[in-house]
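Enquirer: Okay, here's the structure, questions in a sec.
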Amino acid sequence: MTQLDESARRALAWPGDPQTPVESCTPALARQQYLDSFADIQRPLEDVAEILERHVGAIRLKIWRGRTAPRQGAPALLYLHGGGFVIGAPETHEDICRTLANMAGAVVVSPDYRLAPEHPFPAAIDDCAATLVWMTEQADALGIDPLRILVAGDSAGGNLAAVVALLARDGQVPAVIGQVLIYPVTDQLQASDSYLRYAEGYGLTAAAMQWFRDHYLPEAASRPDWRASPLRVASLAGVAPALVILAGYDVLFDEAAAYAERLSLEAQATSRTWAGQIHGFVSKRRAIPEAQEALEAIAMAWRTMDPGLAR
1 MTQLDESARR ALAWPGDPQT PVESCTPALA RQQYLDSFAD IQRPLEDVAE
51 ILERHVGAIR LKIWRGRTAP RQGAPALLYL HGGGFVIGAP ETHEDICRTL
101 ANMAGAVVVS PDYRLAPEHP FPAAIDDCAA TLVWMTEQAD ALGIDPLRIL
151 VAGDSAGGNL AAVVALLARD GQVPAVIGQV LIYPVTDQLQ ASDSYLRYAE
201 GYGLTAAAMQ WFRDHYLPEA ASRPDWRASP LRVASLAGVA PALVILAGYD
251 VLFDEAAAYA ERLSLEAQAT SRTWAGQIHG FVSKRRAIPE AQEALEAIAM
301 AWRTMDPGLA R
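Pasting the structure below:
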């Protein structure tokens, strides 16, 4: 078995990380801990050409235009942040969003979707779907091509991105050209072996995942619903091409890998595994240089999904 990368060990020992386990927090405390700590382990934010805030009803959106993005007809990315459906915001993932905006010469839009437990399943899905609809309706004002929108997300955001891609396949929201799923949540039953292998000691714990799920999906009967557990959807045929990013030491590894395998068999997908890494590594570039490799892999995959970027 591949050993844990030294950079992952450094991140796990990072002095600025929250000291109270999330499962011992109230949602309000967990959110505040995350907001107080996330920036220290990320690199200084890259400059971009433009930063905007907009609203879709009550949903706040953060928008970044990459330095080389054209003023009209730019490629676009709908980025859905992680945080277990309970914590996080566009700002906690701004490093990823700015970097991808610059790498692709694109416009990146990230919604501050409603969080559980105040707004349980499927509120977050509704907000992400509404944001995609808004992006296509406001394409001219945003300077984007509505036919060149990619959806991506990490962890809980990866779950939401997978669901949005399925809704797009089914014609319930506008089409997307591809999906990037970064260590996504795909099965809310939480019964895979990686929940045992990596239950403790690798950042995200099995206990924390149960805490997140119980807030987002308080009704056990809703957990097998494919909109909560996309691994359980009847078919993935016809869904947009995918890149799935995996971390080897992750409680979510098995379910994310299983979803990647289904995508490759039933649709079109590639997966990349950083075998010595932990959940959340792409958001920890100050400690983990492998995060840059993952972002470059995403940019490369985006070019294969959008022929206009290959020119």
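Note that the UniProt record's numbering gives residue 2 to position 2 of the sequence shown, counting from 1, and the numbers run on in steps of one. All C-beta atoms, glycine included, are put in the ideal place defined by N, C-alpha and C.
(1) Can you say whether D140 is buried or exposed, counting buried as having 16 or more other CB atoms within 10 angstroms of its CB?
(2) Report the option in R232, H93, P122, E200 whose CA atom is closest to the CA atom of D250.
(3) Using the DSSP secondary-structure output, state which residues sit across from H55 in a beta bridge.
(4) Kindly indicate which three-state DSSP category D112 falls into: helix, strand or coil?
(5) Would you mind giving the Cβ-Cβ distance between A161 and G153, rounded to the nearest angstrom? I have them listed as a contact below 8 Å.
(6) What alpha helix (DSSP H) runs, 4 residues minimum, are completely inside the UniProt region "Disordered" (1-21)?
(7) Throw me the rounded Cβ distance for the A156 and V185 pair, which I believe falls under 8 Å.
(8) Determine the burial state of H55: buried for a count of at least 16 other Cβ atoms within 10 Å of its Cβ, exposed for fewer.
(9) If you follow the beta strand (DSSP E) that W274 is part of, which residue opens it and which one closes it?
(10) What alpha helix (DSSP H) runs, 4 residues minimum, are completely inside the region 82-129?
(11) So, using beta-carbon positions, are Y202 and I278 closer together than 7 Å?
(12) Would G66 be called buried (16 or more neighbouring beta carbons within 10 Å of its own) or exposed?
(13) To the nearest angstrom, report how far apart D214 and L80 are at their CA atoms.
(14) What is the rounded straight-line gap between the Cα of A240 and the Cα of A168?
(15) Less than 7 Å separating the beta-carbons of K284 and I41?
Expert: In short:
(1) exposed
(2) E200
(3) R60
(4) coil
(5) 4 Å
(6) 6-12
(7) Right, the Cβ-Cβ distance comes to about 6 Å (below 8 Å), so this counts as a contact.
(8) Taking every protein chain shown into account, the CB of H55 has fewer than 16 other CB atoms within 10 angstroms, so this residue is exposed.
(9) 269-278
(10) 94-104
(11) yes
(12) It is buried - the Cβ of G66 has at least 16 other Cβ atoms within 10 Å.
(13) Going by the C-alpha atoms only, they are around 20 Å apart.
(14) 8 Å
(15) yes
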